[in-house]
Structures are given as structure tokens and as C-alpha cells.
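Participant: Can you keep this structure in mind? I'll have questions shortly.
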């Protein structure tokens, strides 16, 4: 089945530093999503990408859908303590339709920000 | 914005008992909901797709008789873990998409339900 390889597994950074994480897949995805999960809670969508090459920003977050459709990255600029959490990439083969939502998740990146 | 709510948030039960977890879409209708399981320090794994008015579709390796899914209305899906055992202890998370929205409409996740089986 499809697999997503997310790296790095964890990051320890100082407040104010920039962060970059990425995901690669063994097959083509038509939708890439980036989520943040706080302890004991469900994932919250950060950025959704629907087109190859698409570059989308959400505040200090920027994500890109790789042109090969097999990778994506997420950048966080000027990190702050509340950025702490687990970040997951997720992808789906389907751009729409009833099966949309069958997401394959990466292993997650644990982000720790030191004040 | 759209909200998906799960109940209970956490539950502790004895081995051999059954536990029901509810997933509700609070301000939208969802013909399809998804159930995920997340073990500690691991990623989310899709268990099954819940379809309103029809049988759920289970992912490979997930026992349908063990994890009963009922999607009786457009706003409610339930997951029942039957004869729970300690290895079923996990964080169960549901997600749903607004059926009236665009095909690529946002998928919303519930807060998750933590099950501990003693």
C-alpha cells in the first residue's frame, strides 16, 4: 500500500528559528495536507494543497505540493513556543469524490521550541 | 466553522466489555465519515469508512466484527469496540467532510476518544 515517509522525526529548536519538514511518497498523490496535533486532541488542518507545484501560505506557515506529486514540504518561519506539537503530512489519491478523506498519514514530526 | 465532536473523550473499561464511541458533525451533514486509530507516539491509521445508510468499508487487517460501525444518520456515526482487550487501548479519531461542500472540501477531525482497557 501507499506509504508516506516524513522527516525529520523530531526537532528541537530555539524560539525565532525557522523549521522545515517534508514528506515523500512511493506513489502519486493528488492532494497533500498538513496537520498539527496537540496532545490528546485530534489533528487540525494547517494547509491543503491540490495542485502539483502549488505553494500556499497560512501566516508563518508555507507548504508546497511537489511537481512530481510524490512529495511536499512545510516550512514554519520565526517559530514561537505555541508551535510545539506533532505535525503530520497526509495525502490522498483522490482529488474529490466520495472516497475523499481516506488519508494516508506520515509518521509525524515532533516539534519542540525552546523559549 | 464546521465542527466534529466525539464522545466520550476518554473511557476506561474492563477486558471483555464493549465500548461505543460517537462521532457527530455538529453543523453540517456528512454522508461519509472515517475512523482512525492512533497508538501512542504513532501516526493515524485508517480503520474504516463509515457510509450513511450502508455498510462500512473496512481497511485490510481491521476486523469488522470487532469494530462495529453504524452510520444511522447524516450527522452521527458510532464505533463499537466489542469484547475489548488491552491491545485495543488506543486513541480513536473520526473525521468527516461536509457533503454539501465542494468535492475537495475540508475534512474535519474530532477531538479523539482515548480508550483504556484494563
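Residue numbers (the working numbering), protein chains in the order written: chain V, 14 to 128; chain R, 17 to 134. From the three backbone atoms N, C-alpha and C, an ideal C-beta is built for every residue, glycine too.
With 16 as the cutoff for other CB atoms within 10 Å, does residue 123 of chain R come out buried or exposed?
Facilitator: Your numbering for residue 123 of chain R matches position 107 in the second chain. Buried, because 16 or more other Cβ atoms sit within 10 Å of the Cβ of residue 123 of chain R.
Participant: Looking only at its own chain, which residues have a Cβ that is under 7 Å from the Cβ of residue 12 of chain V, when we skip the five neighbours before and after it?
Facilitator: Residue 12 of chain V cannot be examined here, being either before or after the span of chain V that is shown, 14 to 128.
Participant: Give me, in chain order, the residues of the same chain whose beta-carbon lies closer than 6 Å to that of residue 45 of chain V; leave out the 5 immediate sequence neighbours on both sides.
Facilitator: Your numbering for residue 45 of chain V matches position 32 in the first chain. Within the same chain, residue 45 of chain V has close Cβ partners 62, 78, 85, 104.
Participant: Grab me the residues of residue 28 of chain V's own chain with a C-beta within less than 7 Å of its C-beta, minus the 5 sequence neighbours each way, in chain order.
Facilitator: As a working mapping, residue 28 of chain V is identified with position 15 in the first chain. Result list for residue 28 of chain V: 92, 93, 94, 126, 127, 128, in chain order.
Participant: What is the DSSP secondary structure of residue 81 of chain R, counted as helix, strand or coil?
Facilitator: Numbered from 1 along the second chain, position 65 holds the residue referred to as residue 81 of chain R. The answer is coil: DSSP assigns residue 81 of chain R none of H, G, I, E or B.
Participant: Just checking: is the beta-carbon of residue 54 of chain V within a distance shorter than 7 Å of some beta-carbon in chain R?
Facilitator: Here residue 54 of chain V refers to the residue found at position 41 of the first chain. Output row for residue 54 of chain V: interface = yes.
Participant: Tell me the rounded alpha-carbon separation between residue 59 of chain R and residue 29 of chain R.
Facilitator: For the purposes of this step, residue 59 of chain R is identified with residue 43 of the second chain, where counting begins at 1. For the purposes of this step, residue 29 of chain R is identified with residue 13 of the second chain, where counting begins at 1. Each residue's alpha carbon lies about 24 Å from the other.
Participant: Using DSSP's beta-bridge definition, name the partner residues of residue 89 of chain R.
Facilitator: Taking the second chain and counting its residues from 1, the one referred to as residue 89 of chain R is at position 73. R/92.
Participant: Report the three-state DSSP secondary structure of residue 121 of chain V (helix, strand or coil).
Facilitator: What you label residue 121 of chain V is simply residue 108 of the first chain in a count that begins at 1. Three-state result, residue 121 of chain V: coil.
Participant: Can you tell me the Cβ-Cβ gap for residue 126 of chain R and residue 111 of chain R, rounded? I've got them flagged as a contact below 8 Å.
Facilitator: Taking the second chain and counting its residues from 1, one reaches residue 126 of chain R at position 110. Taking the second chain and counting its residues from 1, one reaches residue 111 of chain R at position 95. About 7 Å; that satisfies the 8 Å criterion.
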